[in-house]
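Have a look at the structure below, then the notes.
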Amino acid sequence: ELKVEQNPLFLSMQEGKNYTIYCNYSTTSDRLYWYRQDPGKSLESLFVLLSNGAVKQEGRLMASLDTKARLSTLHITAAVHDLSATYFCAVDNAGNQFYFGTGTSLTVIP
Amino acid sequence: DTAVSQTPKYLVTQMGNDKSIKCEQNLGHDTMYWYKQDSKKFLKIMFSYNNKELIINETVPNRFSPKSPDKAHLNLHINSLELGDSAVYFCASSQYRAIETQYFGPGTRLLVL
């Protein structure tokens, strides 16, 4: 079974700072997804990365994919309180089977 | 209009019962999914389905079965409920089998007593 590891699991950061969340996976895949989940809420799809070197940006979030390193990053620029949430990455093994990371709980402190 | 809707929002039931959760999407998507999120927030895909193919996560017990009366609906039927089935179940949809963005329903919180 494909393994997906996220780190850190918990992240507390001050407003205005930058940070990166890492997502490593264990087998070859060229489809990776990032989601956001607010407490008690549903999931929101953030990014779909479909090829090596893919980079996508939305507001203060930027996601990238390195399929050779089996690594995706979610970079947060100048964090604001509204970004506080849990972020999940997921990998698709091309069989439409999604494997999720454990999630990174982000708290942005004023 | 809600893009992906689920009913019920909450479901409390006894062990051994059979229950269904309904999901409808009005986005015209061709693929729908069911996910399970347990008490530790761990997410697992259960099924993905379009009008041509059902893909089942092999770890899902056969007590769980998806039923799709039409392209806009994918219901989840659960037989002989067990305590471990307590979780939040999310429905989602996308176009082109997840190459495009997935849209999630609000979730159904299932508690088995």
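Just so you know, the protein sequences line up as chains A and Z, in that order. Under this note's numbering, the residues of the first sequence are numbered 1 to 110, in order. Under this note's numbering, the residues of the second sequence are numbered 1001 to 1113, in order. C-beta: ideal position from N, C-alpha, C; glycine also.
- In the DSSP assignment, no residue is bridged to glutamate 1058(Z).
- Residues of the segment 43–54 of chain A whose Cβ lies closer than 8 Å to any Cβ of chain Z, in chain order: Leu43, Glu44, Ser45, Val48, Leu50.
- Neighbours of glutamine 6(A) in chain Z, taken as residues at a C-beta separation under 9 Å, are lacking, since the least C-beta distance is about 11 Å.
- Contacts between threonine 102(A) and chain Z, judged by CB atoms closer than 7 Å, involve Phe1042 in chain order.
- Across the structure, tyrosine 99(A) and isoleucine 1045(Z) are spaced so that their CA atoms are roughly 7 Å apart.
- Among the CB atoms of chain A, one or more fall inside 8 Å of the CB of glutamate 1100(Z).
- Distances from the alpha-carbon of histidine 1077(Z) to those of His1029(Z), Ser1094(Z), Gln1037(Z), Leu1110(Z) put Leu1110(Z) closest.
- DSSP, reduced to helix, strand and coil, places leucine 1083(Z) within a helical segment of the structure shown.
- No Cβ-Cβ contact shorter than 8 Å links tyrosine 1089(Z) with proline 1066(Z).
- Secondary structure note for tyrosine 1035(Z): its beta strand (DSSP E) is the uninterrupted segment 1031–1037.
- With the criterion set as a beta carbon lying under 7 Å from some beta carbon of chain Z, the segment 54–85 of chain A has no members that meet it.
- When rounded, the separation of the alpha-carbon atoms in valine 1060(Z) and glutamine 97(A) is 12 Å.
- The DSSP-derived three-state label of aspartate 1070(Z) is strand.
- Shown here, aspartate 66(A) sits in a strand according to DSSP, grouped into three states.
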